[in-house]
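Enquirer: Handing you a structure now.
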Amino acid sequence: MASIFTKIINREIPSSIFYEDEKFIAILDINPIRDGHILVIPKKEIDYIFDLDDHEYLELMSVSKKVALKLEEKLKGKVEFSRVAIIIEGLEISHVHVHLVPVHHTEGLVIGRVNKLSLEEVKKILLG
């Protein structure tokens, strides 16, 4: 059975796309823990990150870095943050994905929502 991410990749479910190439898609998380929370997802449906072969794993990390740098550029001066944190937990959805979460050094990364902007405000900043 196709994961929810495969349905998003196939455009069966709408999403807010931040980045896309032939192998990956990055979307705004619909339940963000911080303003600008992005998911980086391989288009190839693989359940567990350590099931990726070495090349696929390195590609995922490379694309995640590229997306994180783009995210920093878009948020600079608009949202208070100092870094983009990376989370890979792989428990809720059986499809590899990376969470990129803007954080401020004084708050660390406490899981739980700390949003200050509406989803529409975040879309305007990140998606134009």
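So for the sequence shown, my numbering puts the first residue at 13; every next one is plus one.
Think of the CB as a built atom: it goes at the ideal place given N, C-alpha and C, for glycine as much as any other residue.
#1: Please list, in chain order, all residues of the same chain as Leu-64 whose beta carbon is under 8 Å from its beta carbon, the five residues on each side excluded.
#2: At which residues does the beta strand (DSSP E) containing Glu-32 begin and terminate?
#3: Could you please give me the residues that DSSP links to Pro-26 through a beta bridge?
#4: Please report the straight-line C-alpha distance between Glu-132 and Ala-14, rounded to a whole angstrom.
#5: Going by DSSP, what residues sit across from His-111 in a beta bridge?
#6: Would you call Ile-39 buried or exposed, if buried means 16 or more other Cβ atoms sit within 10 Å of its Cβ?
#7: Does the separation of the CB atoms of Ile-25 and Ile-16 fall below 8 Å?
#8: Going along the chain, which residues of its own chain have a beta-carbon closer than 7 Å to the beta-carbon of Lys-82, five neighbours each way excluded?
Expert: Reading off the structure:
#1: As a working mapping, residue 64 is identified with position 52 in the sequence shown. Closer than 8 Å at Cβ, skipping near neighbours: Pro-54, Ile-58, Leu-72 and Val-108.
#2: What you label residue 32 is simply residue 20 of the sequence shown in a count that begins at 1. The continuous beta strand (DSSP E) containing Glu-32 extends over residues 29-32.
#3: Counted from its first residue, the sequence shown places residue 26 at position 14. The partner list for Pro-26 (beta bridge, DSSP) is empty, contrary to what the question assumes.
#4: For the purposes of this step, residue 132 is taken as the residue at position 120 of the sequence shown. For the purposes of this step, residue 14 is taken as the residue at position 2 of the sequence shown. Straight-line spacing of the CA atoms in Glu-132 and Ala-14 works out to 28 Å.
#5: Here residue 111 refers to the residue found at position 99 of the sequence shown. In DSSP, His-111 forms a bridge with Leu-51 and Ile-99.
#6: Here residue 39 corresponds to residue number 27 of the sequence shown, with the count starting at 1. Buried is the call here.
#7: The sequence position of residue 25 within the sequence shown is 13, counting from 1. The sequence position of residue 16 within the sequence shown is 4, counting from 1. Contact flag set, yes.
#8: Numbered from its first residue, the sequence shown carries residue 82 at position 70. Closer than 7 Å at the Cβ level, and outside the excluded window around Lys-82, lie Tyr-31.
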